[in-house]
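If you read the protein sequences in the order shown, they are chains D and S. Position one of the first sequence corresponds to residue 1 (the working numbering), numbered consecutively onward. Position one of the second sequence corresponds to residue 117 (the working numbering), numbered consecutively onward. Beta carbons: idealized from backbone N, C-alpha and C, even for Gly.
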Amino acid sequence: AQTVTQSQPEMSVQEAETVTLSCTYDTSESDYYLFWYKQPPSRQMILVIRQEAYKQQNATENRFSVNFQKAAKSFSLKISDSQLGDAAMYFCAYRSATSGNTPLVFGKGTRLSVIA
Amino acid sequence: NAGVTQTPKFRILKIGQSMTLQCTQDMNHNYMYWYRQDPGMGLKLIYYSVGAGITDKGEVPNGYNVSRSTTEDFPLRLELAAPSQTSVYFCASSYLYGTGEGNTEAFFGQGTRLTVV
Numbered sequence: 001a002q003t004v005t006q007s008q009p010e011m012s013v014q015e016a017e018t019v020t021l022s023c024t025y026d027t028s029e030s031d032y033y034l035f036w037y038k039q040p041p042s043r044q045m046i047l048v049i050r051q052e053a054y055k056q057q058n059a060t061e062n063r064f065s066v067n068f069q070k071a072a073k074s075f076s077l078k079i080s081d082s083q084l085g086d087a088a089m090y091f092c093a094y095r096s097a098t099s100g101n102t103p104l105v106f107g108k109g110t111r112l113s114v115i116a
Numbered sequence: 117n118a119g120v121t122q123t124p125k126f127r128i129l130k131i132g133q134s135m136t137l138q139c140t141q142d143m144n145h146n147y148m149y150w151y152r153q154d155p156g157m158g159l160k161l162i163y164y165s166v167g168a169g170i171t172d173k174g175e176v177p178n179g180y181n182v183s184r185s186t187t188e189d190f191p192l193r194l195e196l197a198a199p200s201q202t203s204v205y206f207c208a209s210s211y212l213y214g215t216g217e218g219n220t221e222a223f224f225g226q227g228t229r230l231t232v233v
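Below you can see the structure in the form of structure tokens.
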């Protein structure tokens, strides 16, 4: 079964600085999707960024970018120019692109604090 | 588009009571999921469905039941509520297969905060 590991339960960053959240995953599949979700205090799950495994180029969305290392099964999230509104729980997630019976699997999350 | 709608948003149950958490989506997604999130923790999969009439257990299915009679609806039933079921419950949906923006990720409801006393 696929597993997702987030080894940093908590992280903090100064406003306007850059922070990187780590995520590793375990799979025997070659085609899959990876996601970072943000969960602010409102509890809403918000998609931050997605990566399709067949794409070698790292995904970027404004201040958010990933470092996708397929061979190392690593998928870290970099937040540049951190803002107070970035404070939240961040979850890394995996799902298969080919197996219909492999549901979305989450890591345990990283709580990010942003210091003014 | 309403997306994924969960009801109710909050509920307090007494031990031994039963209830159904409703979830409906209007995106014609095949995949639907139920997760629970205990305080300060990640999301644990309770049940999922890959289409109408098909359901399967996730990581923590005990004490819950689901059905999927239509593509749109995926209710979660709690029988004989216990304090250990106090949690926030999330319903989500996604396409079974797809590529590109909007076609690969899961969309979530706003969650149901359930307290069993």
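Residue i, enclosing beta strand (DSSP E) - first and last residue
i      : result
Y211/S : Element bounds for Y211/S: n/a, residue is neither H nor E.
F75/D  : 74 to 79
T228/S : 228 to 232
I131/S : Neither: I131/S is in no beta strand (DSSP E) and is coded neither H nor E.
E188/S : That residue, E188/S, is in no beta strand (DSSP E); it is neither H nor E in DSSP.
Residue i, DSSP secondary structure in three states
i      : result
G167/S : strand
Q138/S : strand
L196/S : coil
Q153/S : strand
Q2/D   : coil
Q8/D   : coil
L47/D  : strand
D172/S : strand
Best match in the options for proximity to residue i [C-alpha to C-alpha]
i      : options                        : result
K125/S : V204/S, A208/S, L212/S, G174/S : V204/S
Y90/D  : Y37/D, A116/D, Q83/D           : Y37/D
S65/D  : D81/D, G85/D, A72/D            : D81/D
Buried versus exposed call for residue i [16 or more other C-beta atoms within 10 Å across all chains shown]
i      : result
I170/S : exposed
L194/S : buried
L196/S : exposed
S165/S : buried
Does the region 136 to 143 of chain S come close enough to the region 180 to 193 of chain S that 3 or more CB-CB pairs lie under 8 angstroms? Judged by Cβ distances under 8 angstroms, the region 180 to 193 of chain S makes contact with the region 136 to 143 of chain S, as three or more pairs qualify.
Do three or more CB pairs link the region 4 to 15 of chain D to the region 44 to 64 of chain D at distances below 8 angstroms? With the rule of 3 Cβ pairs closer than 8 angstroms, the region 4 to 15 of chain D does not count as touching the region 44 to 64 of chain D.
Using 8 angstroms as the threshold, is the region 145 to 164 of chain S in touch with the region 57 to 77 of chain D, meaning 3 or more CB pairs across them? Taking a cut-off of 8 angstroms on C-beta distances, the region 145 to 164 of chain S does not touch the region 57 to 77 of chain D, as fewer than three cross pairs fall below it.
Using a Cβ distance threshold of 8 angstroms, determine whether the region 171 to 178 of chain S contacts the region 219 to 232 of chain S, with at least three qualifying pairs required. Counting Cβ pairs under 8 angstroms, fewer than three are found: no touch.
Between the region 92 to 107 of chain D and the region 25 to 36 of chain D, do three or more beta carbon pairs fall short of 8 angstroms? The answer is yes - the region 25 to 36 of chain D touches the region 92 to 107 of chain D, with three or more Cβ pairs under 8 angstroms.
Decide yes or no for the touch test of the region 150 to 168 of chain S against the region 197 to 212 of chain S: beta carbon pairs closer than 8 angstroms, at least 3 of them. Put simply, the region 150 to 168 of chain S touches the region 197 to 212 of chain S. At least three CB pairs are less than 8 angstroms apart.
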